[in-house]
Amino acid sequence: MALNDILGTAASGLAAAQAGLKAVSNNIANVGVAGYARERVNLSTSVLAGNVSGVSVGEFERVADRFLEATVYRRAGDYGKAEVASSYLDRLQSLLGEPGAKSGLPARLDAISSAAISMTGSQSSAQTSAVFTGTVADAITSMQQITRDVDGLRADVESEVGYSVDKINTLLQRIYDLNGTVSQATGLGRNASGATDQRMSALEELSSMLSVNVRDQPDGRVIIETTSGQMLLDSRLRQLDYPNKGAGIGNSQITYPDISIRFADKNGTMGALSGEKIESSAVGGKLGGLLDLRDRALPSFSEQLGVVFSGLSEALNAVSNENTAMPPPASLTGRQTGLVAGDRLGFTGKATFAVTQANGTLVAKTEVDFDALGPAATVSDMVNAINAGLGGAATASFANGVLSFAASGAGNGVAIAQSTASPSARAGVGVSQYFGMNDLIRSDSNSLVPTGFNATDPHGFTTGQTAQIVLRDASGLALTSYTLQPTTGGTMGDIVTQLNGSPLGNFGAFSLDSRGRMRFDPAGGLSGASLSMASDSTDRFGSGRTFSALSGLSGLNSGLDVAKVRNEILNSPGSLPLGRLDTSVAVGTKAIGAGDTRGATAFVEKLASTLDLGKDGVTSVGRFSTQLLGRAGLEANQAQGRYDDANARKSDAVNRRDSYSGVNIDEELSQMVVLQNSYSASARVMSTAAQMYDTLLQMVR
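Structural data, given as structure tokens:
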């Protein structure tokens with residue numbers, strides 16, 4: 003080998019050692035930088051004219067395993083979703099209170115039963131009646147507060163959805179810019195480690211916001227798509243377009259606008275729609291967790307709370323309407339039923355309408371036999387039968403959907419009682435309860451009883467009125483929506499037919515149940531699907547009762563938001579209906595006894611009995627509420643468990659990635675020693691070659 007070749011080889015060795023030392027120096031300097039992947043010099047044997055001529059020093063290369071990085075991205079998505087779910091469900095738990103706490107909903111419902119029991123043993127004193135009515139009012143207030151709190155959580159979630167969309171857009175634009183930097187450096191054969199490290203950190207943060215698949219391209223770029231299939235970044239930048247983002251404070255709504263994906267220029271200015279959108283929690287990550295909370299978990303809890311209220315109001319009103327206060331009131335005014343005078347009456351059995359003196363002495367009575375009135379009887383027919391039977395001792399009237407019953411004589415009162423042998427019933431409730439004559443609980447937006455409509459009853463809505471219905475699956479994904487458009491003169495059966503023929507009918511079947519409630523039975527494989535009313539402008543015969551309130555499709559329309567104990571009873575506990583009209587006595591004898599506590603006993607028994615809650619089965623109010631809060635607690639506990647698991651899995655993935663690509667001080671120092679020895683060896687070769695040159699020159703001289 004010629005001396006020039008020896009010198010060239012030694013010089014390349016020095017350059018290689020210097021480059022290696024520079025890489026080690028960079029690695030040690032960045033040992034504490036998150037996301038930094040160590041560098042190494044790409045060295046190869048230099049061959050000239052078939053002969054080895056030293057070391058060829060290439061560009062620095064980044065030491066990383068794309069499979070380990072992809073694992074971090076996947077697990078970051080699971081972590082982001084679990085973290086946000088655990089956080090909000092824990093907040094929901096704190097709003098509901100600790101299990102067994104006196105402020106908890108089950109405890110408040112138990113307090114109603116306890117107050118009713120107290121009334122049975124104290125001859126219905128005004129004090130115990132006041133405690134009972136106050137306890138009922140307190141339970142309703144508590145449920146309303148919980149509903150507002152849950153709406154507040156949904157508003158917070160909605161705010162975070164907007165912030166998350168902004169963050170995702172910022173990260174996508176940054177990754178797009180870094181893609182260009184990495185691609186340019188790769189094309190020129192230059193080191194792109196710094197930009198690649200920055201891009202990896204941005205990708206990890208993006209994957210925690212929504213679950214993504216990242217695919218490396220030959221030119222150094224990456225393509226990003228969600229795990230549910232939406233393209234986010236290829237050669238063109240895309241941005242998420244959400245109308246509610248940037249609105250500041252979120253709000254609780256029935257439905258929310260879609261998150262569309264639009265093409266964007268390099269500055270992030272949005273352009274045309276890409277044709278794809280994000281619409282469910284399937285997108286994963288923090289955004290997916292927020293959408294699941296907003297569209298499924300929190301609305302489901304509110305809906306079920308509405309069912310609890312429906313059961314409670316039906317149970318308490320059933321008893322209060324079977325009883326009467328002592329002395330009986332001069333008049334009874336029902337609630338808005340949504341009926342008109344010409345509507346089918348639809349009652350079976352018998353009920354007694356009576357007039358008594360203040361001391362309970364019977365003045366007049368009439369027993370209305372609804373079976374005898376016939377199946378074609380109308381509400382007007384019932385009113386006429388009452389008035390004819392009482393002969394002027396009292397007057398019944400029905401106007402604007404409300405039934406009224408008032409005594410004629412001064413000091414007289416009215417009472418309504420069910421027949422013991424054949425109680426009146428429509429939709430499973432007595433005539434007094436159906437019309438709300440002696441309700442304990444009232445709501446201005448709901449009749450609090452099933453309608454009892456059948457397929458031939460007129461729906462009472464007019465052309466131009468609409469109701470938008472949204473169907474979601476168990477994950478909260480909006481499967482489809484449909485705007486119901488009734489036509490004037492149609493029947494409830496026509497509405498059922500219209501719904502079954504709509505896109506909603508592709509996912510299940512609509513029908514009217516035995517109590518007149520609209521029922522939706524999901525098709526196989528759609529267990530857990532639910533309906534909600536996005537908007538409703540319908541109005542049955544101008545009564546103010548909408549399709550949402552009458553159909554019973556969702557507990558969100560239960561009327562809880564404006565419910566209250568009737569003012570006459572709350573302000574005057576002595577007017578609580580605890581006595582019972584004796585329908586067997588003759589006129590002129592006592593029909594209502596002072597100190598009658600049979601009503602109090604009936605409250606206790608009714609609260610412990612089961613109720614038909616429609617789609618939610620047959621159960622007691624207390625049991626259903628306990629199950630509801632139990633499910634909320636279980637879901638919060640499971641969310642915490644998923645968070646702990648996701649955190650551990652993400653940490654494991656990060657540790658594995660960093661153990662491969664991260665900087666190890668001991669290894670770097672060891673490599674530094676090797677490189678220093680290599681440098682010294684190359685320098686020694688060069689020194690020896692120089693000495694050989696000197697010797698040759700001296701020989702020539």
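The letter at position 380 of the sequence shown is residue 382 when you use the working numbering, and the numbering goes up by one with no holes.
Cβ atoms here follow ideal geometry from the backbone N, Cα and C, with glycine treated the same way.
Remember, predicted model here, so these are calculated numbers, not experimental data.
Task: Sheet register partners of A427 (DSSP bridge) - done: Paired residues: T350.
- [ ] To the nearest angstrom, report how far apart I177 and T198 are at their CA atoms.
- [x] C-alpha separation (whole angstroms): 10 Å.
Open item on the list: Excluding the 5 residues flanking E570 on each side, which residues of the same chain have their C-beta closer than 6 Å to its C-beta?
Closed with: So the qualifying residues of the chain are S577.
Task: Local Cβ density within 10 Å of F549, reported as buried at 16 or more and exposed below that - done: Counting other Cβ atoms within 10 Å of its Cβ, F549 reaches 16 or more and is therefore classed as buried.
Open item on the list: Judging by CA-CA distance, which residue of S483, F134, D584 is the nearest neighbour of L364?
Closed with: With distances taken between Cα atoms, L364 lies closest to D584.
TODO: List the endpoints of the continuous beta strand (DSSP E) containing G196.
DONE: From DSSP, G196 is part of no beta strand (DSSP E) but of the alpha helix (DSSP H) over 195-211.
Task: For R521, the first and last residue of its enclosing beta strand (DSSP E) - done: Secondary structure note for R521: its beta strand (DSSP E) is the uninterrupted segment 520-524.
- [ ] Within its chain, find whatever has a CB closer than 6 Å to the CB of L555; leave out the 5 residues flanking it on each side and keep chain order.
- [x] M520, L533.
Task: For D446, the nearest candidate out of M535, Q470, V564, L334 (CA to CA) - done: Measuring from the Cα of D446, the nearest candidate turns out to be V564.
Task: One or two residues paired with M535 in a DSSP bridge - done: I471.
Task: C-alpha distance - A320 paired with E206, whole-angstrom precision - done: One C-alpha to the other measures close to 59 Å.
- [ ] Please classify D646: does DSSP put it in a helix, a strand, or coil?
- [x] Note: D646 maps to helix in three-state DSSP.
Task: Contact the segment 12-21 vs the segment 669-686: 3+ CB pairs below 8 Å - done: The segment 12-21 vs the segment 669-686: in contact.
Open item on the list: Can you tell me where the beta strand (DSSP E) holding G291 begins and where it ends?
Closed with: Element bounds for G291: not the beta strand (DSSP E) but the alpha helix (DSSP H), 287-294.
Task: Cross-strand partners of I388 (DSSP beta bridge) - done: Looking at the DSSP output, I388 bridges to nothing.
Open item on the list: For the ligand ZN, I want to know if E41 counts as a neighbour, meaning its beta carbon is within less than 7 Å of at least one of the ligand's heavy atoms.
Closed with: Annotation note on the ligand ZN: not contained in the displayed structure, which lists no ligands.
Open item on the list: Just to check my reading of the structure: L94 and V184 have Cβ atoms closer than 8 Å, yes? What is that Cβ distance to the nearest angstrom?
Closed with: The C-beta distance from L94 to V184 rounds to 44 Å, too long to fall under 8 Å, and the pair is not in contact.
Open item on the list: Across the segment 310-317 and the segment 600-619, are there enough close Cβ pairs to call them in contact, namely three or more that are closer than 8 Å?
Closed with: A contact exists between the segment 310-317 and the segment 600-619.
Task: Contacting residues, own chain, Cβ-Cβ under 7 Å from P245 (five flanking each side not counted) - done: The answer, listed in chain order, is P259.
Open item on the list: Could you give the first and the last residue of the continuous alpha helix (DSSP H) run that contains F549?
Closed with: It spans 549-553 - the alpha helix (DSSP H) in which F549 sits, taken as one unbroken run.
Task: Opposing strand residues paired with M233 [DSSP bridges] - done: Answer is E227, bridged to M233.
Task: Three-state class that DSSP yields for V589 in the structure shown - done: For V589, the secondary structure class from DSSP, reduced to helix, strand or coil, is coil.
- [ ] Using DSSP bridges, identify the partner residues of A401.
- [x] Residue pairing of A401 in beta bridges, as defined by DSSP: V404.
Open item on the list: On the criterion of 16 or more Cβ atoms from any shown chain inside 10 Å, does G222 qualify as buried, or is it exposed?
Closed with: Taking a 10 Å sphere around the C-beta of G222, we find 16 or more other C-beta atoms and assign the residue as buried.
Task: S105 burial status per 10 Å Cβ neighbour count (16 or more: buried) - done: Answer is exposed; the Cβ neighbour count stays below 16.
- [ ] Look up V35 in the DSSP assignment and say whether it is helix, strand or coil.
- [x] Looking at V35 - three-state DSSP - the assignment turns out to be coil, as it is neither helix nor strand.
Task: Through-space distance from N657 to D267, alpha-carbon basis - done: D267 and N657: Cα-Cα distance of roughly 37 Å.
Open item on the list: Helix, strand or coil, according to DSSP, for Y695 in the structure here?
Closed with: Reduced to three states, the DSSP call for Y695 is helix.
Open item on the list: Quick check: the Cα distance between A408 and V431, rounded to an integer number of angstroms?
Closed with: For the pair A408 and V431, the Cα-to-Cα distance works out to about 22 Å.
Open item on the list: Does L506 come out as helix, strand or coil in the three-state DSSP assignment?
Closed with: Residue state, collapsed to three classes: helix.
- [ ] Could you pull out every residue in the same chain whose Cβ sits closer than 6 Å to the Cβ of K566, ignoring the five residues on either side in sequence?
- [x] Taking C-beta separations shorter than 6 Å and ignoring five residues to either side along the sequence, K566 has no partners in its chain.
Open item on the list: Taking the beta carbon of A301 as the centre, do at least 16 other beta carbons fall within 10 Å, making it buried, or is it exposed?
Closed with: Reading off the sequence shown, one finds Pro at residue 301, where the question assumed Ala. In the assembly as shown, P301 is a buried residue. Its beta-carbon has 16 or more other beta-carbons within 10 Å.
- [ ] Could you name the residues of the same chain whose beta carbon sits closer than 7 Å to that of A692, not counting the 5 residues immediately before and after it, in chain order?
- [x] So no residue of the chain qualifies.
Open item on the list: Given a cut-off of 8 Å on the beta-carbon distance, is the pair S426 and G530 in contact?
Closed with: S426 is not a Cβ neighbour of G530, given a cutoff of 8 Å.
Open item on the list: Does G510 pass the burial test, meaning 16 or more other C-beta atoms within 10 Å, or should it be called exposed?
Closed with: It is buried - the Cβ of G510 has at least 16 other Cβ atoms within 10 Å.
- [ ] Mind checking who A409 pairs with in its DSSP beta bridge?
- [x] Bridge partners of A409: A396.
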